[in-house]
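Notes for the one structure printed next.
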Amino acid sequence: MTRMFGEPMIRREDPRLLRGEGRYLDDLGSNALAAAFVRSPHAHARVLDIDVSDALDVDGLVAIYAYDDLLGRVAEALPLLIPHPSITHPKTPYCLANGEVNHVGEAIVMVVATDRYVAEDVCDRIRVDYEPLPAVVGVAAARAAAQLVHDDVPGNLAAHLVQEVGDAPAAIAAAPHVLELDLDVERSASMPMEGRGVYARWDSDDRSLRVYTSTQTSTSVRMALAAKLDVPVDRVEVIAPDVGGGFGVKIVHPWPEEVLVPWAAMALGREVKWTEDRREHFVSSAHERGQLHHVRVGFDDDGCLLGLDVTFWHDNGAYLPYGAVVPIITSTQLLGPYKPGAYRVEYSSLYTNTVIVTPYRGAGRPQGCFVMERTIDAIADRLSLDRAVVRERNFIQPSDMPYDHQLQFQDGRPLIYDSGDYPAMLEKLRKLVDWDDFAAYREAAVAEGRRVGIGLACYVEGTGVGPYEGAHVRVETNGTVVVSTGLTTQGQGHQTAFAQIAADELGVPVADVVVTTGDTRRFAYAVGTFASRAAVMSGNAIALAARGVRDKALRIAAEALEVDERDLEIVEGVVQVKGSPDARIPLATVAVLSNPLRYAFDEQAKQATQFARSADIDRPPVAEDDEPGLEFTDYYSPSRSTFANGMHAAIVETDPDTAEITVLRYCVVHDCGTLVNPMIVEGQIHGGVAQGVGGALLERMVYDENGQLLNASFMDFLMPYATEVPVVETDHMETPSPLNPLGIKGAGEAGVIPGMAVLAAAIEDAEGFRITRMPISPSELFGLRERFAAGEIPAVGGADESSAVGQVPRPRSAR
Amino acid sequence: MSEELHDVSVVVNGLPRTARVPARRLLSDFLRHDVGLTGTHVGCEHGVCGACTVLVDSRPVRSCLLFAVGVDGAAITTIEGCTLPDGELGAVQQAFMECHGLQCGFCTPGFVTTITAFLDEQPDPSAEEAREAIAGNLCRCTGYQNIVAAVLRAAQIQREITGQAVAER
Ligand code: FES
Ligand code: FES
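As they're listed, the protein sequences go chains A and B. 815 is the number that the working numbering gives the last residue of the first sequence; the numbers go up by one with no jumps. 169 is the number that the working numbering gives the last residue of the second sequence; the numbers go up by one with no jumps.
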């Protein structure tokens, strides 16, 4: 039987989705009432009065709720999801504003009506009186703290952390070379094509609640709702239906709407649904990426790092349910594949009157990678060394693995890299992008009056964070293998990849395997899908559970066939004696036999009745340590994360006149351990790269000084279309993780991480002056050229082989 | 206050459909909630993402930018109508599956309808034309590379089908 693990198998979820038979949140509940929200138009204000009198005669209005109408724990602030010790002043939002709003878009009133049109009519007729307060927008204002977001949070400081290995300031002071850099990244957002949404049904007879929500963690939403709504956990079911992308924003929970919609469904005894519209998604879900960094680095004549001291400031928005995790990740993951020498990192996470932060694909790593890679490029520039060579000299070597950074990672566990071969990967990348021949390419381009540049960037990504995932595998009496795992799916092809794993472990055709994810009715214990953890965590849990089923199947089959179970194998869903496949019993029959019956409800069931079985009459039909049914549940809980890595290189062309930036080539080499389905992994890389390119060249949240988001639509917030995304050339390495049975490392976020770093490097190489802020637009590049021409910013001119020291006249400012 | 309702009669995927809706009912909502064909997705409701693209009298349009009353009498094709008469996946759908042109699948219906209309006009596109043809639709998952491949593959499948049809004649 061919092994399915590792095959680029076509996805089994596709036919359904391609026929338009997907079931996304808004496709459900066609008879539900619709919710809509009155949201704050002010970034910071006191709510003085809410007047609904004009709204009451709208036909179809069912209910209006403001904060004062909320009862019990629904009226309490929402939970602090990541209670990290670095958090000094936790502030979380209420479901509806409790007297004060802290960002444009914060929900103040919920309206329930017969349909969304009517609900919005009602919202339009509700008048809210505000007393506007000064808004704190951006890191600089938050840091200056002339105004406060929350009266009782001094300095707008939400969290603060210092981690140190060795004495970095001393190492830098003693170093032969020292550089300082300021590196800034602006806000962007996950921006899945489907926004958030919640649909709830309360069964008043059964006193149970079923909630569908477009989430990355249905199990945790269930726990949160049971607590908030005071319903026993076993009366709450939460299901993630088809989810139209997540990328981090849907890991936050419970959202105010996620609590309010079920609460209203219970209060009204009616089905209620809320589907977020795009503007709501911009102003009331979550953003990420906004961080300012200051770097001091000391290094020797060879470019080897001696000390690295990074201070940075993170903009976590108005509240802190989840955002603090982003700087935690930046602070550890910026080290990438390098040995930093002595290391000190300090960050401050600050409140601003803007939308909250949630990890967005990459989750602080793109910023970290940008900081580290810009630093390495600056070192190469200072020493006139090839940028690839400086990287190589600082790499952690394969012989150093496992490599302990002596820092604490985001999961509270030590930051220890498990495996990886960085020098080999760099070699592959240099070949793939023709790094060493770039000088000639540039020369030819310059001769044509074109301006081109090349850059590269490396990252290491901690994937598969704990605490655990589990899986349940059951063989039905018709031979179908039912696999359930609790984490959720937002397009990662779990129906296929997980089936491949189960099929191989069990010896059945993939076609016989059915996978369910994100449905608490099927599997109640889980964490969620984020941090590139699904394949690592649930993949391994499924393998372990399938092995349990396999063992049981062999035991039962051995008894039935009266052979030694060690002589048995399972091939194509049939248990047979190795070498003499005539002695065989289908798994379906084993499943029948696994459940001793009294009643023969059909022909097949007769085989399992007490009268059919030639069982040992002195033994109980179900042994003491056994259970009926051919099924098994198991969990995978690693002691620490596994570290994937990758390197990207890009060649860009910048228009000498318009400063338009075109990505000519984009090369990726990545290593996420063993691949379950290379086609799916490659798809993840493509999607990540597109987001990386978008983040580098297009995407930013533009707030004015009053905290108004000026580009809250797809017309103004630019995401890449097909014409803005380069063709991605990929090469793979497979260094298995020694930490888990399947050797998998995560792949979901990889593609996005080095996007800003690599494109900044390539643009810098094309232009000859330093790029320190991302994203960069043509007009910003144009502005930099003017400043460069005026002598306001210094030149950089590397000495890579690719830059062919001193031979090619470096392109300079346009005029 | 109650709203005035209007009869809208259209042919959707070959079947006549009628509903009484307010004048402001968007075509996207009409298809999804009145006709019950939820394959047409809404990603922005302001005409930028293309997820809601359907064919109205064979031309691709953004159903979130049209009122249902405005297309009274039209013939509409949605993603549900892009399958072959025997229910098998149509060429574009088949190509998306083969080329891994979808991940979460939310944008996919808009791409499939857009590409269907494009291939009617240009049955043998270059890679560049294929990329240009999908450049009005947003996808946040795939990075488009495999969608471009799917356009080319769909054209090939269609040519194979036409070739077969010619050969059988
Ligand atoms: S929903 Fe119509 S274009 Fe986005
Ligand atoms: S496949 Fe998810 S948005 Fe395109």
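Glycine included, every Cβ here is placed at the ideal spot set by N, Cα and C.
So residue i contacts chain A; which residues on that side make the cut at Cβ distance below 8 angstroms?
| i | result |
| --- | --- |
| Glu-98(B) | Ile-10 |
| Leu-55(B) | What Leu-55(B) touches in chain A: nothing, since even the nearest Cβ is about 13 angstroms away. |
| Arg-131(B) | Ala-722, Thr-723 |
Report the neighbours of residue i on chain A: residues whose CB is nearer than 7 angstroms to its CB, in chain order.
| i | result |
| --- | --- |
| His-33(B) | Ser-30 |
| Gly-143(B) | His-686, Gly-687, Val-689, Ala-690, Val-725, Val-728 |
| Glu-121(B) | In chain order: nothing, as chain A lies at least about 18 angstroms away. |
| Ser-2(B) | Asp-59 |
| Ile-134(B) | Ala-722 |
| Arg-24(B) | Tyr-117 |
Which one or two residues does DSSP pair with residue i in a beta bridge?
| i | result |
| --- | --- |
| Met-401(A) | Looking at the DSSP assignment, Met-401(A) forms no beta bridge with any residue, so it has no partner. |
| Tyr-212(A) | Tyr-199(A), Ile-239(A) |
| Ile-570(A) | Val-575(A) |
| Thr-162(B) | Bridge partners of Thr-162(B): none, in fact. |
| Pro-414(A) | Gln-408(A) |
| Val-185(A) | Gln-291(A), Met-774(A) |
| Tyr-703(A) | Leu-709(A) |
| Pro-738(A) | According to DSSP, Pro-738(A) bridges with nothing at all. |
| Pro-22(B) | Leu-5(B) |
| Leu-33(A) | Val-272(A) |
| Thr-516(A) | Ser-484(A) |
| Pro-581(A) | Per DSSP, none; premise fails for Pro-581(A). |
Using the beta-carbon of each residue, which ones in chain B are nearer than 7 angstroms to residue i?
| i | result |
| --- | --- |
| Ala-750(A) | Ordered by position in chain B, no residue passes the 7 angstroms Cβ test against Ala-750(A), which lies about 13 angstroms from the chain. |
| Gly-683(A) | His-100, Gln-103, Thr-142, Asn-146 |
| Glu-705(A) | Correct list: empty, because the minimum Cβ distance to chain B is about 26 angstroms. |
| Gln-490(A) | Cys-104 |
In chain B, what lies closer than 9 angstroms to residue i by C-beta?
| i | result |
| --- | --- |
| Phe-714(A) | Gly-43, Cys-44, His-46, Gly-47, Val-48, Cys-49, Leu-138 |
| Pro-794(A) | What Pro-794(A) touches in chain B: nothing, since even the nearest Cβ is about 35 angstroms away. |
Is any heavy atom in ligand 1 found nearer than 7 angstroms to the beta carbon of residue i?
| i | result |
| --- | --- |
| Cys-49(B) | yes |
| Arg-32(B) | no |
| Glu-280(A) | no |
| Gly-43(B) | yes |
| Cys-141(B) | no |
| Arg-59(B) | no |
| Arg-196(A) | no |
| Arg-62(B) | yes |
Beta carbon of residue i: closer than 7 angstroms to some heavy atom of ligand 2?
| i | result |
| --- | --- |
| Thr-108(B) | yes |
| Leu-858(A) | Outside the shown range of chain A (1 to 815) lies residue 858(A), about which nothing can therefore be said. |
| Met-193(A) | yes |
| Cys-104(B) | yes |
| Gly-245(A) | yes |
| Cys-95(A) | no |
| Gly-683(A) | no |
| Gly-688(A) | no |
| Glu-518(A) | Correcting the residue identity first, residue 518(A) is Gly in this sequence and not Glu. Checking the Cβ of Gly-518(A) against ligand 2 gives no. |
| Gly-748(A) | no |
| Gly-29(A) | no |
| Arg-491(A) | Correcting the residue identity first, residue 491(A) is Gly in this sequence and not Arg. At least one heavy atom of ligand 2 is nearer than 7 angstroms to the Cβ of Gly-491(A), so yes. |
Below 8 angstroms on C-beta distance, what does residue i contact in chain B?
| i | result |
| --- | --- |
| Met-191(A) | Arg-140 |
| Met-719(A) | Leu-138, Arg-140 |
| Gly-194(A) | Per the sequence shown, residue 194(A) should be read as Glu rather than Gly. Near Glu-194(A) (Cβ distances below 8 angstroms), the residues of chain B are His-41, Gly-43, Cys-104, Phe-106. |
Quick one: which chain A residues come within Cβ less than 9 angstroms of residue i?
| i | result |
| --- | --- |
| Gly-14(B) | In chain order: nothing, as chain A lies at least about 15 angstroms away. |
| Leu-37(B) | Gly-20 |
Just by C-beta distance, which residues in the region 249 to 277 of chain A are closer than 9 angstroms to chain B?
Thr-275, Asp-277
Within the region 303 to 390 of chain A, ranges of the beta strand (DSSP E) (whole runs, at least 3 residues)
305 to 317, 342 to 351
Return the residues of the region 58 to 79 of chain B that lie within a Cβ-Cβ distance of less than 8 angstroms from chain A, sorted by chain order.
Thr-78, Ile-79
Please give the ranges of any alpha helix (DSSP H) in the region 87 to 166 of chain A, keeping only runs that are unbroken, at least 4 residues long and fully inside the region.
116 to 125, 138 to 144
Chain-ordered residues of the region 98 to 111 of chain A with a beta carbon less than 9 angstroms from chain B:
none
Looking at chain B, which residues of the region 233 to 248 of chain A have a Cβ within less than 9 angstroms of any of its Cβ atoms?
Asp-242, Val-243, Gly-244, Gly-245, Gly-246, Phe-247
Along the region 664 to 682 of chain A, where does the CB come closer than 9 angstroms to a CB of chain B? Name the residues.
Met-679, Ile-680, Glu-682
Residues in the region 736 to 760 of chain A with C-beta within 9 angstroms of chain B's C-beta atoms, listed in sequence order?
Gly-751
At a Cβ cut of 8 angstroms, what residues of the region 107 to 119 of chain B count as close to chain A, listed as they run along the chain?
Cys-107, Thr-108, Pro-109, Val-112
Jot down the residue ranges of each uninterrupted beta strand (DSSP E) in the region 423 to 484 of chain A, minimum 3 residues, whole runs only, in chain order.
452 to 463, 469 to 475
Positions along the region 82 to 97 of chain B whose CB lies within less than 7 angstroms of some CB in chain A:
Thr-83, Leu-89, Gln-93, Phe-96, Met-97
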